[in-house]
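Report on the following structure.
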Amino acid sequence: TVSSARSAFIQICELLGLTLDMVKSLTPRAEFIYLGLELLLPSSVGRRELCLRITEARCAKLLGQIRRILEEQTLTSGDASSMRGRVYFYAAWYQESRTYLAELAARQYSDGRDARLTFDLHIALKWFESMLQCETFLVGIRPQRILGDRPIAWLYTDGMKNDPSDRYPYGE
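According to the numbering used here, numbering within the sequence shown proceeds without interruption in unit steps and concludes at 264.
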């Protein structure tokens with residue numbers, strides 16, 4: 093079960109002498125917030141589906157920051173870096189947002205002498221403002237609706253069990 097897996101993980105941490113902040117190590121639950129993203133996990137009670145969505149508080153904060161930038165008509169390279177990092181994850185909702193992330197990246201890596209908003213930056217920020225208010229975005233991502241009834245889902249990671257060998261050229 094999830095509870096026994098958590099207990100085993102805590103014991104392994106103790107055996108290895110690793111400090112685990114128990115305040116941040118919450119007990120298993122069907123709903124939680126991680127990095128400003130609300131995760132609703134499938135549950136046998138109520139038959140909910142897996143869902144990932146932005147929290148209301150996070151959305152309101154991002155909208156406030158974007159509106160402030162638009163009102164002041166300035167965006168420093170440091171603020172562009174910060175804003176790009178904040179909205180980067182949510183770009184998974186809409187492929188089109190990559191275009192607008194590029195505008196934030198251009199300002200992020202600029203020489204920083206001019207902080208005034210360009211026309212393209214203004215359009216990009218207006219697009220993110222619109223995205224953060226879009227009902228489709230606010231509902232969140234529901235993988236079951238995207239994947240349908242596929243029996244297999246492929247997950248990719250950069251981790252591996254051991255070094256590559258002749259038998260397993262990419263590791264086990």
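Just so you know, even glycine gets a beta-carbon here, dropped at the ideal spot from N, CA and C.
Please read these numbers as outputs of a predicted model, since none were measured by experiment.
The beta carbon of R208 sits closer than 7 Å to the beta carbons of Q165, T166 from its chain, once the five residues preceding and following it are set aside; these are given in chain order.
When DSSP reads this structure, T166 sits in a beta bridge with R208. By the 16-neighbour rule on beta-carbons within 10 angstroms, M175 is buried.
Take the alpha-carbon of L230 and the one of E123: they are about 16 Å apart. Y126 has L129 as its beta-bridge partners, per DSSP. The Cβ neighbour count for L110, taken over all protein chains shown within 10 Å, is under 16; the residue is labelled exposed. Note: L144 is bridge-paired with L131, I233 in the DSSP secondary-structure output. Of the residues assessed, L107 falls on the exposed side of the cut-off, its CB having fewer than 16 other CB atoms within 10 angstroms. Counting of Cβ neighbours within 10 angstroms places E188 among the exposed residues, the total staying below 16. Rounded to whole angstroms, K116 and I104 show a C-alpha spacing of 17 Å.
Only residues of its own chain outside the window of five on either side were considered, and among them L162 have a CB closer than 8 Å to the CB of K218, listed in chain order. Taking 8 Å as the cut-off, the Cβ atoms of R190 and L213 do not count as close. Between G204 and T228, the gap from beta carbon to beta carbon reaches 8 Å or more. With 16 or more neighbouring CB atoms inside 10 Å of its own CB, A216 falls in the buried class. The beta carbon of L196 is closer than 7 Å to those of A172, M175, R176, A216 in its chain, skipping five residues each way along the sequence. The closest CA to that of S222, considering only L154, T119, R234, is found on L154.
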